[in-house]
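Just so you know, the sequence shown maps onto residues 71 to 582 in the working numbering. For each residue, glycine too, the CB sits at the ideal point set by N, CA and C. To start, the structure itself, in structure tokens.
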Amino acid sequence: MTEYQRLAIALVCTLIWLLWVAILMVRHRREIHSARRQQQSHAAGAVLVAYASQSGTAAALARQSAEYLRQSQAVTVLPLSQVSAQTLQTASRALFVVSTYGEGEAPDNGQRFARTYLNGAGGEVTALDLSHLSYSVVALGDSTYARFCAFGQLLFDGMARLGARALEPLHKIDSASGDASRTASAISAWFGPSPTAKSNRVSKPTIWWRLAERTLLNPGSPGAPLFELTLRAVNDWPKWRAGDVFVLQPRHERNVVANWLAQHRLDASEWIAVDGRGQTLQAWLRDRVLPTAEFDREKLLRGDFSEFPLLPAREYSVASSGEEKVLKLIVRQQFNAGGDLGLGSGWLTEYCETGELFAGSLRENSNCHTADHSRPLLLIGAGSGLAGLRAQLAERAGQSNAGTVWLVFGERCPDTDRPLTRELDTWLRQGSLSRCDRVFSRGDETQHRYVQEFLAAQGEELCLFVSRGADIYVCGNRTGMGEAVHRVLNQLLGEHLVEVLLESGRYRRDLY
């Protein structure tokens with residue numbers, strides 16, 4: 071090929087790329103305007119419930135709150151990405167349910183709202199008068215982070231600066247303490263009690279699961295053990311999609327409870343009945359926090375567990391599609407400062423016996439649902455992030471019109487860290503997976519060691535793949551791989567296009 075031919079091909083590719091970017095931006099603006107017109111047509115007089123959610127917790131809480139409110143009034147539920155100036159000007163009351171992502175940032179579906187109305191980046195900020203609007207903010211966060219509920223605070227203060235009137239002080243919910251059930255009672259105080267509501271508790275339905283199989287995926291690895299867990303629901307089979315979250319109620323290893331009972335001279339076999347359900351004291355305490363300070367023994371033996379709250383829940387991306395009829399998880403063992411296994415990973419990978427029952431629930435996370443399986447898909451991940459990627463692959467494998475899938479996945483050693491090789495090879499042969507690139511941080515030093523380095527080196531192919539309409543799905547650790555991949559995408563595609571992809575649901579991040 072001559073130099074002239076190479077230049078001509080490069081020019082044509084560039085023109086195609088620019089044309090595609092222009093088409094995508096125009097289409098995105100049209101979708102936004104159409105959504106806003108629909109919102110305005112039915113939002114008048116309704117309570118606005120708006121959410122910003124990365125992992126689905128805030129979205130689920132917003133929807134549950136809306137169901138509670140709908141028993142007495144009209145409600146409009148929207149992600150913050152679809153809340154416009156007209157939406158705010160039409161509503162008279164608003165409940166915002168928002169989480170904080172990373173180090174104090176807005177979730178992906180709240181970033182445009184933050185830039186436009188809260189950070190002073192748009193002209194609408196100074197022109198918007200919300201003096202007619204009464205609002206409340208429920209902020210979800212993790213108190214172990216320095217900027218606890220930072221986005222909720224930014225939203226609360228920002229609405230006040232725009233003239234809106236706060237009905238209540240900012241209501242913070244600490245995910246580390248599991249106090250989300252307090253929210254529904256606060257809702258009745260803000261908007262009035264529902265005439266037909268029987269309970270103020272906002273909760274997820276608990277499902278009983280049985281561990282069917284546990285497989286070590288990386289024997290001999292210098293890294294922490296990585297396991298694939300296969301779970302089966304005991305009763306009715308629940309529904310979920312790739313991108314959804316399994317919420318585990320962890321349990322203590324048996325000896326932990328037995329030793330605690332012996333230390334406090336309590337009979338492990340003491341039979342205790344609560345609300346018509348009876349079991350031994352040891353069984354009741356398997357999923358409870360065991361106090362180190364003094365406690366009321368009489369209350370405990372009467373079945374009053376108020377001094378023994380449930381162990382904090384642990385969350386995992388599902389690793390299977392709902393059509394597979396088994397729930398799969400991919401979990402890496404975690405260890406605390408004392409060298410003990412973590413609550414969730416310890417239970418799933420070590421202490422739970424095959425066939426044993428335990429409780430858990432499923433949470434919808436529409437922020438991580440891919441909308442159109444016919445479009446190409448770029449899957450990017452590392453480590454236990456393979457869970458979310460496997461679920462997306464499994465969901466597409468059952469679709470007759472599924473688009474091309476390119477998987478880029480990072481691990482440690484090429485000799486020991488090749489999880490799911492047989493399954494991935496099968497999908498490659500069947501055509502469900504078109505390309506699979508594994509990157510090893512402890513492999514050949516002449517090769518790229520990290521996912522972000524590999525993507526940067528594949529910049530031209532990546533841009534062409536995205537220009538063909540590909541979605542991007544990233545799953546794994548946020549502070550390592552996730553942030554680095556985001557920087558590379560900004561460099562290759564441009565920050566504005568990445569923003570458009572995020573807002574339109576073409577770029578989804580399942581990060582933890």
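Thinking C-beta only, is LEU447 closer than 8 Å to GLY473?
GLY473 places its beta carbon less than 8 Å from that of LEU447.
Assign GLY453 to one of three DSSP states: helix, strand, or coil.
Helix, per DSSP.
Please report the straight-line C-alpha distance between ALA161 and GLY293, rounded to a whole angstrom.
ALA161 and GLY293 have their C-alpha atoms some 53 Å from each other.
Pick from GLY546, LEU355, GLY564, LEU381 that is closest to ALA583, judged by C-alpha positions
As displayed, the chain neither begins before 71 nor continues past 582, which places residue 583 out of reach and without an answer.
Just verifying my parser: in three-state terms, what is the DSSP assignment at THR285?
The answer is strand: DSSP assigns THR285 an E or B state.
What three-state label does DSSP hand GLN404 in the structure shown?
DSSP, read as helix, strand or coil, puts GLN404 in coil.
Considering only the beta carbon of each residue, do LEU456 and PRO484 sit closer than 8 Å?
No, the Cβ-Cβ distance between LEU456 and PRO484 is not below 8 Å.
Could you tell me which of VAL544, TYR582, LYS395 sits nearest to ARG576, measuring between CA atoms?
Residue VAL544 holds the alpha-carbon nearest to the alpha-carbon of ARG576 among VAL544, TYR582, LYS395.
Does the Cβ of HIS112 have 16 or more other Cβ atoms within 10 Å, making it buried, or fewer, making it exposed?
At HIS112, the pLDDT of 44 sits below 50, so the modelled position is not reliable; the number obtained from the coordinates is stated separately. In summary, HIS112 is exposed, with fewer than 16 beta-carbon neighbours lying within 10 Å of its beta-carbon over all protein chains present.
Helix, strand or coil for PHE297? Go by DSSP, reduced to three states.
Strand.
Can you list the beta strand (DSSP E) stretches of 3 or more residues lying completely in the segment 374-449, in chain order?
Those beta strand (DSSP E) runs which fall completely within the segment 374-449 and span 3+ residues are 384-387, 397-402, 427-433.
Limits of the unbroken alpha helix (DSSP H) element including TRP330
Taken as a continuous stretch (DSSP letters only), the alpha helix (DSSP H) holding TRP330 covers 324-333.
The segment 283-292 / the segment 379-389 touching (three or more Cβ pairs under 8 Å)
The segment 283-292 is not in contact with the segment 379-389.
The alpha helix (DSSP H) enclosing HIS556, as first and last residue numbers
HIS556 -> alpha helix (DSSP H) spans 553-563.
Alpha carbon to alpha carbon, how far is TYR582 from ARG140?
Taking the straight line joining both Cα atoms gives about 33 Å.
Coarse secondary structure for ILE241, derived from DSSP in three states:
Checking the displayed sequence, the identity of residue 241 turns out to be His instead of Ile. In this structure, HIS241 counts as strand in the three-state DSSP scheme.
Quick one: is LEU200 buried, meaning 16 or more other Cβ sit within 10 Å of its Cβ, or exposed?
Buried: at least 16 other Cβ atoms inside 10 Å.
Any beta strand (DSSP E) of 3 or more consecutive residues that is wholly inside the segment 497-553:
For the beta strand (DSSP E) assignment, the uninterrupted runs of no fewer than 3 residues enclosed by the segment 497-553 are, from N- to C-terminal side, 505-510, 541-546.
With burial defined as no fewer than 16 other Cβ atoms inside 10 Å of the residue's Cβ, what is the status of HIS334: buried or exposed?
Exposed, by the Cβ-count rule.
Mind checking which residues open and close the beta strand (DSSP E) that includes GLU175?
Run containing GLU175: none; DSSP gives neither H nor E here.
Using DSSP with H/G/I as helix, E/B as strand and the rest coil, what is TYR121?
Residue state, collapsed to three classes: strand.
Count Cβ pairs between the segment 415-425 and the segment 551-569 that sit closer than 8 Å; are there 3 or more?
Taking 8 Å as the limit for Cβ pairs, the verdict is that the segment 551-569 does not touch the segment 415-425.
List the endpoints of the continuous beta strand (DSSP E) containing LEU210.
Counting along the chain, the unbroken beta strand (DSSP E) around LEU210 starts and ends at 204-211.
Buried or exposed for LYS369, please, with buried defined as at least 16 other CB atoms from any protein chain shown within 10 angstroms of its CB.
In this structure LYS369 is exposed. Its beta-carbon is surrounded by fewer than 16 other beta-carbon atoms within 10 angstroms.
Could you spell out where the beta strand (DSSP E) holding LEU139 opens and where it closes?
Taken as a continuous stretch (DSSP letters only), LEU139 belongs to no beta strand (DSSP E), being part of the alpha helix (DSSP H) at 127-140.
To which residues of the same chain is ARG519 closer than 6 Å at the C-beta, ignoring the five residues directly before and after it?
So the list reads SER511, once near-sequence residues are dropped.
Where DSSP assigns a beta bridge to GLU481, which residues make up the other side?
Per DSSP, PHE510.
With C-beta atoms as the reference, is ASP507 less than 8 Å away from VAL536?
The Cβ-Cβ distance between ASP507 and VAL536 does not fall below 8 Å.
Just the C-alpha distance for ALA383 and PRO177, rounded to the nearest angstrom, thanks.
Distance between the alpha carbons of ALA383 and PRO177: 21 Å.
To which residues of the same chain is ALA338 closer than 7 Å at the C-beta, ignoring the five residues directly before and after it?
For ALA338, where only same-chain residues beyond five positions count, the Cβ hits under 7 Å are ALA328, LEU331, THR350, LEU351, GLN352.
Please state the DSSP three-state secondary structure of GLU465.
In this structure, DSSP gives GLU465 a helical state, which the three-state scheme calls helix.
So, is LYS309 buried or exposed, given that buried needs 16 or more other C-beta atoms within 10 angstroms?
That one is exposed.
Do you know offhand how far SER142's Cα is from ARG579's?
Across the structure, SER142 and ARG579 are spaced so that their CA atoms are roughly 36 Å apart.
By Cβ distance, which residues of its chain are closer than 7 Å to HIS202, with the 5 residues on each side in sequence left out?
Around HIS202: SER162.
So is LYS395 buried or exposed if we call it buried at 16+ other beta carbons inside 10 Å?
It counts as exposed.
Roughly how many whole angstroms lie between the Cα atoms of GLU553 and GLY348?
Spanning the two alpha carbons is a distance of roughly 49 Å.
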